[in-house]
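Asker: Here you go, one structure.
There are 4 protein chains.
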Amino acid sequence: MCRWMAYSGDSLLAEEMLFRPQHSLIDQSLHSRMGATTTNGDGFGIGWYGDSPTPALFKAIEPAWNDRNLRELASQIKTRLLFAHIRASTGTPVQRSNCHPFRHDRWLWMHNGAIRGFHEIKRDLMLAIDPSLYPDIDGSTDSETLFFLALTFGLIDDPPRAVERAVGLVEDIGRRHGVEHPIQMTVATTDGSSIWAFRYSSEGRSRTLFYSTKVAAMRQLHPDLEVLHELGDNARLVVSEPLRDLEGAWNEVPESSWGVVRANGDDELHSFAPAMPGGGVL
Amino acid sequence: MCRWMAYSGDSLLAEEMLFRPQHSLIDQSLHSRMGATTTNGDGFGIGWYGDSPTPALFKAIEPAWNDRNLRELASQIKTRLLFAHIRASTGTPVQRSNCHPFRHDRWLWMHNGAIRGFHEIKRDLMLAIDPSLYPDIDGSTDSETLFFLALTFGLIDDPPRAVERAVGLVEDIGRRHGVEHPIQMTVATTDGSSIWAFRYSSEGRSRTLFYSTKVAAMRQLHPDLEVLHELGDNARLVVSEPLRDLEGAWNEVPESSWGVVRANGDDELHSFAPAMPGGGVL
Amino acid sequence: MCRWMAYSGDSLLAEEMLFRPQHSLIDQSLHSRMGATTTNGDGFGIGWYGDSPTPALFKAIEPAWNDRNLRELASQIKTRLLFAHIRASTGTPVQRSNCHPFRHDRWLWMHNGAIRGFHEIKRDLMLAIDPSLYPDIDGSTDSETLFFLALTFGLIDDPPRAVERAVGLVEDIGRRHGVEHPIQMTVATTDGSSIWAFRYSSEGRSRTLFYSTKVAAMRQLHPDLEVLHELGDNARLVVSEPLRDLEGAWNEVPESSWGVVRANGDDELHSFAPAMPGGGVL
Amino acid sequence: MCRWMAYSGDSLLAEEMLFRPQHSLIDQSLHSRMGATTTNGDGFGIGWYGDSPTPALFKAIEPAWNDRNLRELASQIKTRLLFAHIRASTGTPVQRSNCHPFRHDRWLWMHNGAIRGFHEIKRDLMLAIDPSLYPDIDGSTDSETLFFLALTFGLIDDPPRAVERAVGLVEDIGRRHGVEHPIQMTVATTDGSSIWAFRYSSEGRSRTLFYSTKVAAMRQLHPDLEVLHELGDNARLVVSEPLRDLEGAWNEVPESSWGVVRANGDDELHSFAPAMPGGGVL
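Line order of the protein sequences matches chains A, B, C and D.
Adding 23 to a residue's 1-based position in the first sequence gives its number in this note's numbering.
Adding 23 to a residue's 1-based position in the second sequence gives its number in this note's numbering.
Adding 23 to a residue's 1-based position in the third sequence gives its number in this note's numbering.
Adding 23 to a residue's 1-based position in the fourth sequence gives its number in this note's numbering.
Structure, rendered in structure tokens:
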């Protein structure tokens, strides 16, 4: 499986998020504590927003832990919204086009988990993707397929509803092929302003997902912790596993939930229910 | 575009074919004379038959000219049937799964050329591929798509007819999308025993393709040329461009033709005509 | 051999320099007109100055022409001083640590050319490097060795004199090993403020090197050329070969010369003479 | 640190050794049990002897666990002597020239461990290498430096004595630089016929090393185990950690020891003592 982190807030150097924390994503690439695998060495990627509404991507097929380019770039990239992902392949090739995050126009998408039986149901899923979007599929992963299904079902207009419909379709097709638990996922997606995060699995035992407590509240809990004064008031993190041990800092996203972190601080957390292709909620 | 070579004959070291000739495929990776591009540096691949009926593959995304692994392996691999390919991408990513030759069971396939408008017609082509074969598509190239169309149309039973039908379908779908000249190709395919080679383009101006004169005849022409005495009687080469300048050694495959080189020396050369999807010959 | 370009001036997007010009460095990676080789596909690198006095590096072993990361980063990196280099190996391995530019503290260095007989004289050259600098040598090229010799001989205090002494040493050691023409080079080095460029070869037939005419003068020559109005008044380029055909834009650095481009516009051009290790000028 | 295995015996397919065992070297690349690190993902390499007295090498900078080329080649390479190594870098770059095994003429060398303080003492070690060997150093690791020191001290004529002198020199130079425990190592080297293995560390707490019990004895212990009947009588393995749990199969090489496995079955095991540069044994 994989690990990922998403940051939104004041403009910050990428290395503050990627390398400085005690149990940073780079550390998780070698020593994940909560992931399905301890090693996440099958490539990595970062996506970030600079001056343009379209984000930039840097991805490579080497493990993140010793990548000298990543370390160089992290010292230069200042951004108000960063996605970062380390990959543990579940079968598809280790190649740049299979590294997360995936991009479509101004949107980014990253995923931890798997569509089970993907080899067998891939064709049916592809047929469900909007033909005008189909040519833009670049790689061969289940994760990118899920992104394009969500785009097909209206990600740009209503992300939660689109993901519920995409997941509903995957479960429907999977079950018709005899797959008992067709999907396991934590997902993050963004339009460059808000971050939507999803935690769901068909079997109801999803991979971990956490969001950070608001910085103002954290400063009251830990008035002497210097790093909290370096962070802006709006800094928010959504992560596969906590980046450091700090009381009160991390809140687990409940099973079968989605949430949104907005630049204006107006967050939401809701339950997540896959939508049947016909339109009814399961 | 690309360059390729195919060898069939007595067991021979790969380096004899790949590195020794004056204008070897490795030399062509930097200095192609007849290709659409002089540089073919977007990865390479070799496929060969050893003791098993299924061929082995070695592919990499670096240019062939400085690849130290290729040089090492070429000094060890002895084979009676070798496919080798150097790539110049026409747009799809430089990744191992896009390097030729492609393999399905005991079959190999490699291609020089392009399906024009591939980005637009890819979905229609994919829909035409046998659903049971579809999951085995590994990369994202037009070349591999053509291979799977040929497999769909019976490559294993009747290679020339299957390729004629695959090309007919590509031309039909391409033209319906407004592509004037949908395909440009030289192709080689093998089951591990015979080599079928194809030269065709919709516009009737196909990339070059040559096959070598039989060794016995070559020895009469050049009785003192040592390399001809190292080659077995059955050695045959099919190449994008001649590997050395040698009078009488190379015969151009005519425009719109296919040929087969058989282990027993029983070769054939025929004209090639794309078959309409409905069944009629164009 | 290789090709390179150096830019100094107002803060500019890297893609303006690397991708936009008709005969950009990326184009030269496939189609060099004036280089020793037409293809420069053995890796590439860029070095640039951001907010910190120490420059950042991005280097990769793939050819530059199809590198998707380079294209992404070039759209994000804004810099007032950029070094970019495309490599054609003269024998040492294609690996990141052999890609230019090389860095030491706040200095960058890149080289086109070769130390001839390097394999034989490498040990003697290494012995001449300051033992306190020696451990920082990262790769195995002649180019990096020359950089460390120049650092040993005072690059930080007096770049032209240090390079003259480094080249003098290389020629002295080379000739004592029977190498007729020990060095061929164009070199650029910078401290993040000024750019020093060198053109020299033992045989007096050095690779080409050009510097751009000042922008004010160029605007008088070509008042309607839009790109000249996008460039700031202080923009200066030093390049292996011109980035576009434009009358009056490019001035050849004379044989056996060095020059310096300063941020304040106070440029210099002088003759270059290797200094004997003993101290006398040749 | 790293993990390695060496095989000598009847000609055997590489995949039998690399992929088939329950806790194969490939499995150890993700899940080492006894190594200093659980993950060994910083490149890998294999060296093997075919028809020529000079061995062939295949090395790559990707992790071994998902390398498709390694899997392909392992199904083709039949050899009577195989070295295989997975790397966990202790600081030097992840590049092919730093992957083990290293080769010199017909010799191979691989190492698990480190020369401590290598950055500081590298120059002194380099100076001790025979100047005629120096130019053949290809990479930048401590491991290759140790190989060239051993070559300098007569590896080809008397491997144990040469390694004792090389280690003695490293300890002497290290201690003069204030390094308390200058070396940690298990090493294997071969001339294509015998395999010498070394286990030593300055602190007397060396990484694990095991050799396999002779096959005849193993068959008496486990008469029904099929894999033992596939192995020839002369099959011997030397490994960083056991490839499977099997009673009586693995014998730990004692601390501060060296042993040799000979094709004729005439094995030896001795104590290892670094030799002072002056010639005296410590």
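A virtual CB, placed ideally from N, CA and C, is assigned to each residue, including glycine.
#1: Could you name the residues of the same chain whose beta carbon sits closer than 6 Å to that of L232(A), not counting the 5 residues immediately before and after it, in chain order?
#2: Would a check of beta-carbon distances place T62(B) closer than 7 Å to chain C?
#3: Can you name the residues that DSSP bridges to V202(A)?
#4: Taking three-plus beta-carbon pairs below 8 Å as touching, is the stretch 60-67 of chain A in contact with the stretch 53-71 of chain C?
#5: K145(C) versus chain D: which residues are under 8 Å apart at the beta carbon?
#6: Does the pairing of the stretch 248-259 of chain A with the stretch 122-137 of chain A give three or more beta-carbon distances under 8 Å?
#7: Using a threshold of 7 Å, state whether the C-beta atoms of V186(D) and I206(D) are closer than that.
#8: What did DSSP end up calling A173(C) once you bin it into helix, strand or coil?
#9: Counting Cβ pairs, one atom from each stretch, are 3 or more of them under 8 Å apart for the stretch 31-43 of chain D and the stretch 286-301 of chain C?
#10: Return helix, strand or coil for S63(B), following the three-state DSSP convention.
#11: Which residues in chain G have a C-beta closer than 9 Å to the C-beta of R119(D)? List them in chain order.
#12: When you check each C-beta in the stretch 91-107 of chain A against every C-beta of chain C, which residues fall closer than 7 Å?
#13: Strictly under 7 Å for the Cβ-Cβ distance: is L35(A) near chain C by that measure?
#14: Does the CB of D165(D) have a neighbour CB from chain A at under 7 Å?
#15: By alpha-carbon positions, which one of S55(C), P297(C), G114(C) and L174(C) ends up nearest to W27(C)?
#16: Starting from the Cα of D33(C), find the closest Cα among S98(C), L105(C) and T62(C) and give me that residue.
#17: Please classify V186(D): does DSSP put it in a helix, a strand, or coil?
#18: Looking at chain D, which residues of the stretch 53-85 of chain B have a Cβ within less than 9 Å of any of its Cβ atoms?
#19: DSSP three-state call for N92(A): helix, strand or coil?
#20: Can you grab the Cα-Cα spacing for the pair M299(B) / F176(B), in whole Å?
#21: When you compare the CB positions of Y72(B) and G215(B), do they come within less than 7 Å of one another, or not?
#22: Residues of chain A with CB under 7 Å from N89(D), in chain order?
#23: Report yes or no: do three or more beta-carbon pairs, one from the stretch 114-131 of chain C and one from the stretch 39-53 of chain C, lie closer than 8 Å?
#24: Kindly indicate the opening and closing residues of the alpha helix (DSSP H) around V250(D).
#25: If you draw a straight line from the alpha carbon of D147(D) to that of G162(D), how long is it in whole angstroms?
#26: Could you check how far apart the C-beta atoms of H123(D) and H108(D) are, in whole angstroms? I think they sit under 8 Å.
#27: Could you name the residues that DSSP lists as bridge partners for A211(A)?
#28: Along the chain, which unbroken stretches of the beta strand (DSSP E) at least 3 residues long are found entirely within the stretch 255-285 of chain C?
#29: So, is R199(D) buried or exposed, given that buried needs 16 or more other C-beta atoms within 10 angstroms?
#30: Output yes or no for whether 7 Å exceeds the beta carbon distance between S280(C) and S294(C).
#31: Within this structure, are the beta carbons of L169(B) and H127(B) separated by less than 7 Å?
#32: Compute the Euclidean distance between the alpha carbons of R259(C) and T213(D), then round it to the nearest angstrom.
#33: Looking at the secondary structure, which residues open and close the beta strand (DSSP E) in which L150(D) lies?
#34: Taking the alpha-carbon positions, what's the T164(A) to A111(A) distance?
#35: When you compare only the Cα positions, how much space is there between A87(B) and T62(B)?
Answerer: Put simply:
#1: Walking along the first sequence from the start, residue 232(A) turns up at place 209. Here the set comprises T209, R222 and V276.
#2: Here residue 62(B) refers to the residue found at position 39 when the second sequence is read from its first residue. Yes, contact with chain C.
#3: Counting from one through the first sequence, the residue named residue 202(A) turns up at place 179. Paired residue(s): none; V202(A) is not in a bridge.
#4: no
#5: Against the third sequence, residue 145(C) aligns to sequence position 122. Those are Y157 and P158, listed as they occur along chain D.
#6: no
#7: Position 163 of the fourth sequence, counting from 1, holds the residue named residue 186(D). Position 183 of the fourth sequence, counting from 1, holds the residue named residue 206(D). For V186(D) and I206(D), no; Cβs fall outside 7 Å.
#8: Within the third sequence, numbered from 1, the residue matching residue 173(C) stands at position 150. Reduced to three states, the DSSP call for A173(C) is helix.
#9: no
#10: If you number the second sequence from 1, residue 63(B) lands on position 40. Going by the sequence as given, residue 63(B) is Asn instead of Ser. In the three-state reduction of the DSSP assignment, N63(B) falls in the coil class, being assigned neither a helical nor a strand state.
#11: You won't find chain G in this structure, because its protein chains are A, B, C and D.
#12: R91, N92, E95, L96, S98 and Q99
#13: The residue given as residue 35(A) occupies position 12 in the first sequence. Output row for L35(A): interface = no.
#14: By 1-based counting over the fourth sequence, the position of residue 165(D) is 142. Closer than 7 Å: no.
#15: On the third sequence, position 4 is the one that residue 27(C) refers to. Residue S55(C) is the option with its Cα nearest to W27(C).
#16: Here residue 33(C) refers to the residue found at position 10 of the third sequence. It is L105(C).
#17: Position 163 of the fourth sequence, counting from 1, holds the residue named residue 186(D). It is helical.
#18: Against chain D - using a Cβ distance shorter than 9 Å - the residues of the stretch 53-85 of chain B are W71, G73, D74, S75, T77, A79, L80, F81, K82 and A83.
#19: Along the first sequence, one-based indexing puts residue 92(A) at 69. In the structure shown, N92(A) adopts helical secondary structure according to DSSP, grouped into three states.
#20: For the purposes of this step, residue 299(B) is taken as the residue at position 276 of the second sequence. For the purposes of this step, residue 176(B) is taken as the residue at position 153 of the second sequence. Approximately 12 Å, taken between the alpha carbons.
#21: Working through the second sequence from its first residue, we reach residue 72(B) at position 49. Working through the second sequence from its first residue, we reach residue 215(B) at position 192. Cβ distance < 7 Å, so Y72(B) and G215(B) count as in contact.
#22: Sequence index remark: in the fourth sequence, residue 89(D) carries index 66 (1-based). In chain order: D65, S112 and V117.
#23: no
#24: Indexing the fourth sequence from 1 puts residue 250(D) at position 227. Unbroken alpha helix (DSSP H) run through V250(D): E249 to E253.
#25: Reading the fourth sequence from its first residue, position 124 is the one you call residue 147(D). Reading the fourth sequence from its first residue, position 139 is the one you call residue 162(D). In a straight line, the C-alpha of D147(D) is about 17 Å away from that of G162(D).
#26: On the fourth sequence, residue 123(D) is found 100 positions in, with the first residue counted as 1. On the fourth sequence, residue 108(D) is found 85 positions in, with the first residue counted as 1. Confirmed, about 4 Å.
#27: By 1-based counting over the first sequence, the position of residue 211(A) is 188. DSSP output for A211(A) lists M133(A) and A220(A) as bridge partner(s).
#28: 259-262, 273-275 and 280-284
#29: Working through the fourth sequence from its first residue, we reach residue 199(D) at position 176. Looking at its Cβ environment, which holds fewer than 16 other Cβ atoms inside 10 Å, R199(D) is exposed.
#30: For the purposes of this step, residue 280(C) is identified with residue 257 of the third sequence, where counting begins at 1. For the purposes of this step, residue 294(C) is identified with residue 271 of the third sequence, where counting begins at 1. Cβ atoms of S280(C) and S294(C): closer than 7 Å.
#31: Taking the first residue of the second sequence as 1, we reach residue 169(B) at position 146. Taking the first residue of the second sequence as 1, we reach residue 127(B) at position 104. Against a cut-off of 7 Å, the Cβ pair of H127(B) and L169(B) comes out as no contact.
#32: Working through the third sequence from its first residue, we reach residue 259(C) at position 236. Working through the fourth sequence from its first residue, we reach residue 213(D) at position 190. When the Cα atoms are used, R259(C) and T213(D) turn out to be separated by approximately 57 Å.
#33: On the fourth sequence, residue 150(D) is found 127 positions in, with the first residue counted as 1. That residue, L150(D), is in no beta strand (DSSP E); its alpha helix (DSSP H) goes F141 to A151.
#34: In the first sequence, the residue the question calls residue 164(A) occupies position 141. In the first sequence, the residue the question calls residue 111(A) occupies position 88. Cα to Cα, T164(A) sits roughly 12 Å from A111(A).
#35: As a position in the second sequence, residue 87(B) is number 64, starting the count at 1. As a position in the second sequence, residue 62(B) is number 39, starting the count at 1. If I take the Cα positions, the gap works out to 11 Å.
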